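Sequential numbering of the sequence shown, starting at 2, is according to the working numbering. For each residue, glycine too, the CB sits at the ideal point set by N, CA and C. All values derive from a computational prediction rather than experimental measurement. Below is one structure, written out as structure tokens, with a few remarks after it.
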Amino acid sequence: MSTSFKCDFCTSGNIQHVHDPINSTRGMKVYVCMKCGLVQSISTSAYSSAPPGSMSGDANRSSYRYTKELVFDNYLQLFKSHINFADLERVLDIGSNRGIFVHWALDNFPHILIDAIEPQQSVVESYCDHQNVSLKIARFEDVQLNENTYDFVYCVHTLEHARSASQMMTQSYRSLKPGGILFLAVPQTLLFHNNLVEEIFIDPHTFHFDLNILVDFSSQLGFKTVYSSRNEDAEVILILKKEVAHIGNFVPSNQDAAQDNVRKIADYQKGLHDNRVLLRKIGAELNDLSLTGSLIIWGAGRLFDLLVREGGLVTSRVTVVFDKVLYKFINKSHDCVISKARPRTELDESSVIVFIASREYAAEIKAEANKLGYEKIISFTDFFSD
Ligand SMILES: [Zn+2]
Numbered sequence: 002m003s004t005s006f007k008c009d010f011c012t013s014g015n016i017q018h019v020h021d022p023i024n025s026t027r028g029m030k031v032y033v034c035m036k037c038g039l040v041q042s043i044s045t046s047a048y049s050s051a052p053p054g055s056m057s058g059d060a061n062r063s064s065y066r067y068t069k070e071l072v073f074d075n076y077l078q079l080f081k082s083h084i085n086f087a088d089l090e091r092v093l094d095i096g097s098n099r100g101i102f103v104h105w106a107l108d109n110f111p112h113i114l115i116d117a118i119e120p121q122q123s124v125v126e127s128y129c130d131h132q133n134v135s136l137k138i139a140r141f142e143d144v145q146l147n148e149n150t151y152d153f154v155y156c157v158h159t160l161e162h163a164r165s166a167s168q169m170m171t172q173s174y175r176s177l178k179p180g181g182i183l184f185l186a187v188p189q190t191l192l193f194h195n196n197l198v199e200e201i202f203i204d205p206h207t208f209h210f211d212l213n214i215l216v217d218f219s220s221q222l223g224f225k226t227v228y229s230s231r232n233e234d235a236e237v238i239l240i241l242k243k244e245v246a247h248i249g250n251f252v253p254s255n256q257d258a259a260q261d262n263v264r265k266i267a268d269y270q271k272g273l274h275d276n277r278v279l280l281r282k283i284g285a286e287l288n289d290l291s292l293t294g295s296l297i298i299w300g301a302g303r304l305f306d307l308l309v310r311e312g313g314l315v316t317s318r319v320t321v322v323f324d325k326v327l328y329k330f331i332n333k334s335h336d337c338v339i340s341k342a343r344p345r346t347e348l349d350e351s352s353v354i355v356f357i358a359s360r361e362y363a364a365e366i367k368a369e370a371n372k373l374g375y376e377k378i379i380s381f382t383d384f385f386s387d
């Protein structure tokens, strides 16, 4: 099925509708460009660009905007190895958010001048009046950038929200001085776990990248790749140096990318359906176990949301829900109060059942639960074979 939309990267009109995200409040439809393989979501209804945070396991999920804080430590090592901040004068921060990068840069390199662009006024208070910072409260697309101006452009977890990713990349390229560096990071969405139950094509994301297409597109734009994360990493991180500009449209190097992505997304849909059926079994088992002891759910994110909504977990039988990050952002989820982890409870440890509702932090939580003396620990991932 083709539409009147064109691919944002290669401008081909041959784009195929492959997926309708579950419970999209934006009426999102996911398309694959059959020429270059780019995966885009196209909205069919009006939507607020900064919805309140939601830990839904469906497409209406939106982050509490703490992702940028969580990932920053990983970047510091890369900065150290690849970028000489002492030599930088002018820096552009696209999507400066709460200012984690701005604060780090000014604390360590107080001579640097930073232009920051951030659409949300409510998060910029800590740095908006700093003498080295020139802040624009706007969407990137509405800001006019000067050419050949910056030594460094920082664009982290922003490109996947763009109205046009190619425009954001091209504008970043033009705004850099020759030899200037673009630091780019996005989630590697098309890397699907076999135990996915949550919708991956969420409403705030208009683009869904993999490493290869971004490397290909950047190099054709005129960037040299100084550093690249690996194919199997959950995040695409690229350090790109501006070299001579490429003239002309993007022509994909990998002719199979489109078919590969169509197939991957079809497999994802089937996996999502089957795994949600399994979720009902997990919910039933937890309901049974809750009759034999105190049930602790550790992890209050999207897996917990789906356990309740899809798995039929009876929340009145849950003794407590722990989450050592989310408790800062939300008090309650599905009537359960979210408590900080590392609990000191008065529960009889031997009668407690701990269910780990996390994939990424499962090992960490298990170690912590063991340390607290809990013996019966079950993990979401136990129900899936690798
Ligand atoms: Zn394309």
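Not a single heavy atom of ligand 1 lies less than 8 angstroms from the C-beta of residue 219. In this structure, the CA atom of residue 6 is about 42 angstroms from the CA atom of residue 336. Each of 264, 306 and 271 was checked against the Cα of residue 284, and the nearest Cα belongs to 306.
Segment contact: the segment 189-201 against the segment 244-252, fewer than three CB-CB distances shorter than 8 angstroms; contact not assigned. With contacts defined as CB atoms closer than 9 angstroms, residue 184 and residue 154 qualify as a contacting pair. Boundaries of the beta strand (DSSP E) around residue 136: 134-137. Residue 296 and residue 369 have their C-alpha atoms spaced approximately 16 angstroms apart. Assigned with DSSP and collapsed to three states, residue 323 falls in strand. Within 8 angstroms of the C-beta of residue 36 there is at least one heavy atom belonging to ligand 1. Beyond the five residues adjoining it in sequence on each side, residue 382 comes within less than 7 angstroms, by CB distance, of 196, 360 and 363 in the same chain, given in chain order.
For the pair residue 113 and residue 125, the CB atoms are not nearer than the 9 angstroms cut-off.
Remark: the shortest separation between the CB of residue 39 and any heavy atom of ligand 1 falls under 8 angstroms. Restricted to the segment 293-323, the alpha helix (DSSP H) segments that are unbroken, complete and at least 4 residues in length are 303-310, listed in chain order. Distance from residue 319 to residue 340 at the Cβ level is roughly 11 angstroms; contact not present, criterion being Cβ atoms closer than 8 angstroms.
In this structure, DSSP gives residue 116 an extended state, which the three-state scheme calls strand.
Contact check between the segment 209-223 and the segment 255-268: three or more CB pairs, one atom from each, fall below 8 angstroms, which counts as touching.
With a beta-carbon spacing of about 30 angstroms, residue 38 and residue 179 fall beyond the 8 angstroms limit used to define contacts.
Per DSSP, residue 102 is one residue of the alpha helix (DSSP H) stretching across 101-109. For residue 367, the uninterrupted alpha helix (DSSP H) segment begins and ends at 363-372.
Around the beta carbon of residue 292, fewer than 16 other beta carbons lie within 10 angstroms, which makes this residue exposed. Judged by their CB atoms, residue 9 and residue 166 are nearer to each other than the 9 angstroms cut-off. Residues 196, 197, 198 and 385 of the same chain have their beta carbon placed closer than 8 angstroms to that of residue 276, with the five preceding and five following residues left out of the count.
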